[in-house]
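A.B. asks: Quick one: this structure, given as structure tokens, is what I'll be asking you about.
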Amino acid sequence: MADRYPDFIIGGAPKCGTTSLHFILDQHPEIGLPEDEIHYFDADDPITHPDFFFEKKGELVHYDNSPDNTDFLKAYAARFEPFHEQSLIGEDSTTYLFSQVAPHRIKALLPDARLVFMLRDPVKRAYSQYWHLVKSGRVTCRFERAVHEQRSLVLGSTYAPHLKTYIDLFGADRVKVVLFEDFIADNQATIDSVTDFLGTERMQVDANASWFNRTKYPTNLSGQLALNQIGRHIVKWRYGDHLETREGLATKLRQKIHYQWFHRINPIFLKADRPQPMKESTRVYLADHLSRRNQGLSDLLNRDLSELWKDFTG
Numbered sequence: 233m234a235d236r237y238p239d240f241i242i243g244g245a246p247k248c249g250t251t252s253l254h255f256i257l258d259q260h261p262e263i264g265l266p267e268d269e270i271h272y273f274d275a276d277d278p279i280t281h282p283d284f285f286f287e288k289k290g291e292l293v294h295y296d297n298s299p300d301n302t303d304f305l306k307a308y309a310a311r312f313e314p315f316h317e318q319s320l321i322g323e324d325s326t327t328y329l330f331s332q333v334a335p336h337r338i339k340a341l342l343p344d345a346r347l348v349f350m351l352r353d354p355v356k357r358a359y360s361q362y363w364h365l366v367k368s369g370r371v372t373c374r375f376e377r378a379v380h381e382q383r384s385l386v387l388g389s390t391y392a393p394h395l396k397t398y399i400d401l402f403g404a405d406r407v408k409v410v411l412f413e414d415f416i417a418d419n420q421a422t423i424d425s426v427t428d429f430l431g432t433e434r435m436q437v438d439a440n441a442s443w444f445n446r447t448k449y450p451t452n453l454s455g456q457l458a459l460n461q462i463g464r465h466i467v468k469w470r471y472g473d474h475l476e477t478r479e480g481l482a483t484k485l486r487q488k489i490h491y492q493w494f495h496r497i498n499p500i501f502l503k504a505d506r507p508q509p510m511k512e513s514t515r516v517y518l519a520d521h522l523s524r525r526n527q528g529l530s531d532l533l534n535r536d537l538s539e540l541w542k543d544f545t546g
């Protein structure tokens, strides 16, 4: 059986509802989607995936997803083997939007692919991602420090230049932008627009099975950040096995430690339904800065986003 690759990609941005979109589309009888994010096209990007990089005996250890690495390409193709009978195959990797290496690689392998990007108020998106990093054990500092230590917080909310790259490469007719706020306001209409874009039959969205990845927040942020001093090392082990199948006692031990930590110890403080509010001075700074980084976005989408996003002037 010949290898088959995605017909469409949900390419980001993080914390904009992409997991819920995946969850809904996965219920469509004509669509096949691997369960996890794959990140094939930017696995070697140290900006989008610093957790994928290691140093061993003075040497940099990283993924090689160059066209010459046929083993890595076959590992990518293998993720879609269960869906060969589906009319459409897709994947979602939320870092493709702000990766500067992914667009041309996608175009080279999948020249006719359709791209779906979900956007959100850039300030709220950055803050939501911060809490995701807290929950997953990958940050050990408060938001104000994380803004300059975690590049993805700002880059993930920088939409305009990256969207333009994809539109220039694939054409406007192959790039679909979905706003998180529209998705929340009218789930069915948003999904109808996506299935129409993909060229498949519409589906009825089940209100009881339309939202995934609900987040719990720390009741004690200082305590959670202290736990993350250990958890950040454990979660990094997990990323070392991304897109590979490793066997042996060491791998089994890593998996066992990861499971025990993130199912028993890490959730101790994750009981709150809402996060702590952002400091007003931080919000004001980010609203201005992210508006500047997204200059021209309203024109690009042919929609006045200042009517939807508080203090947005891009």
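When we follow the numbering used here, the leftmost residue of the sequence shown carries the number 233, and every step to the right adds one. Every residue, glycine too, gets a C-beta built ideally from N, C-alpha and C.
1) Measuring CA to CA, which of Gln487, Lys396, Val366, Lys511 is closest to Asn498?
2) What separation, rounded to the nearest whole angstrom, lies between the Cα atoms of Thr477 and Arg535?
3) Using only CA atoms, which one of Ala482, Gly455, Ile489, Glu317 lies nearest to Ile466?
4) Would DSSP call Phe402 helix, strand or coil?
5) Would DSSP call Lys488 helix, strand or coil?
6) In the DSSP assignment, what are the bridge partners of Phe286?
7) When we look at the beta-carbon of Asn526 and count the other beta-carbons within 10 Å, is it buried (16 or more) or exposed?
8) In terms of residue numbering, what span does the alpha helix (DSSP H) encompassing Phe304 cover?
9) Can you name the start and end residues of the alpha helix (DSSP H) that Ile416 belongs to?
10) Classify Tyr362 as helix, strand or coil using the three-state DSSP reduction.
11) For the ligand MG, is there any heavy atom lying closer than 8 angstroms to the beta carbon of Ser530?
12) Pick helix, strand or coil for Leu529, following the three-state DSSP scheme.
13) Over what stretch of residues does the beta strand (DSSP E) that includes Ile242 continue unbroken?
14) Looking at C-alpha atoms only, which residue of Ile462, Glu262, Tyr295, Asp276 is the closest neighbour of Phe315?
15) With distances taken from CA atoms, which of Thr514, Phe330, Pro335 is nearest Asp344?
16) Using alpha carbons as the reference points, say which of Ile321, Gly290, Leu341, Glu287 lies closest to Thr302.
17) Which same chain residues end up closer than 7 angstroms to Asp258 when comparing Cβ atoms and leaving out the 5 residues on each side of it in sequence?
18) Output yes if chain D places a C-beta closer than 9 angstroms to the C-beta of Gly388; else output no.
19) If we call anything under 9 angstroms between Cβ atoms a contact, is Gly388 one with Gly243?
20) For the beta strand (DSSP E) that Arg584 lies in, which residues bound it at each end?
21) Under a three-way DSSP split, which group does Val467 fall into?
22) Between which two residues does the beta strand (DSSP E) holding Glu323 run?
23) Roughly how many whole angstroms lie between the Cα atoms of Asn419 and Ile256?
C.D. replies: In terms of the structure at hand:
1) On the sequence shown, position 266 is the one that residue 498 refers to. Considering only alpha carbons, the answer is Val366.
2) In the sequence shown, residue 477 corresponds to position 245, counting from 1. In the sequence shown, residue 535 corresponds to position 303, counting from 1. Because the pLDDT at Thr477 is just 48, under 50, the model does not fix this residue reliably, and the value given afterwards should be weighed accordingly. Between Thr477 and Arg535, the C-alpha separation is close to 45 angstroms.
3) On the sequence shown, residue 466 is found 234 positions in, with the first residue counted as 1. Considering only alpha carbons, the answer is Ile489.
4) As a first step, residue 402 is located in the sequence shown; it is residue number 170 there, counting from the start. If DSSP states are grouped into helix, strand and coil, Phe402 belongs with the helices.
5) The residue given as residue 488 occupies position 256 in the sequence shown. The answer is helix: DSSP assigns Lys488 an H, G or I state.
6) On the sequence shown, residue 286 is found 54 positions in, with the first residue counted as 1. BP columns for Phe286 point to Val293.
7) For this step, residue 526 is matched to residue 294 along the sequence shown. The residue in question, Asn526, is buried, as its Cβ has 16 or more Cβ neighbours within 10 Å.
8) Numbered from its first residue, the sequence shown carries residue 304 at position 72. 302 to 310 is the extent of the alpha helix (DSSP H) around Phe304.
9) Against the sequence shown, residue 416 aligns to sequence position 184. That run of the alpha helix (DSSP H) goes 412 to 417.
10) The sequence position of residue 362 within the sequence shown is 130, counting from 1. Correct three-state label for Tyr362: helix.
11) For the ligand MG, the structure offers nothing, since it holds no ligand at all.
12) If you number the sequence shown from 1, residue 529 lands on position 297. Helix at Leu529.
13) Counted from its first residue, the sequence shown places residue 242 at position 10. Where Ile242 is concerned, the enclosing beta strand (DSSP E) stretches over 240 to 242.
14) The sequence position of residue 315 within the sequence shown is 83, counting from 1. For Phe315, the nearest C-alpha among the options comes from Glu262.
15) Reading the sequence shown from its first residue, position 112 is the one you call residue 344. Out of Thr514, Phe330, Pro335, Pro335 has the C-alpha closest to the C-alpha of Asp344.
16) In the sequence shown, the residue the question calls residue 302 occupies position 70. Considering only alpha carbons, the answer is Leu341.
17) Against the sequence shown, residue 258 aligns to sequence position 26. If we look at Asp258 and ignore the five residues flanking it on each side, its Cβ neighbours are Leu265.
18) The structure shown contains no chain D; it is built from a single protein chain.
19) For this step, residue 388 is matched to residue 156 along the sequence shown. For this step, residue 243 is matched to residue 11 along the sequence shown. Contact: no.
20) Summary: the structure shown does not reach residue 584, with the chain confined to residues 233 through 546, and so no result is reported for it.
21) By 1-based counting over the sequence shown, the position of residue 467 is 235. Correct three-state label for Val467: helix.
22) For the purposes of this step, residue 323 is taken as the residue at position 91 of the sequence shown. 320 to 324 is the span of the beta strand (DSSP E), which, as asked, contains Glu323.
23) Mapped onto the sequence shown, residue 419 falls at position 187. Mapped onto the sequence shown, residue 256 falls at position 24. Near 10 angstroms, if we compare the C-alpha coordinates of Ile256 and Asn419.
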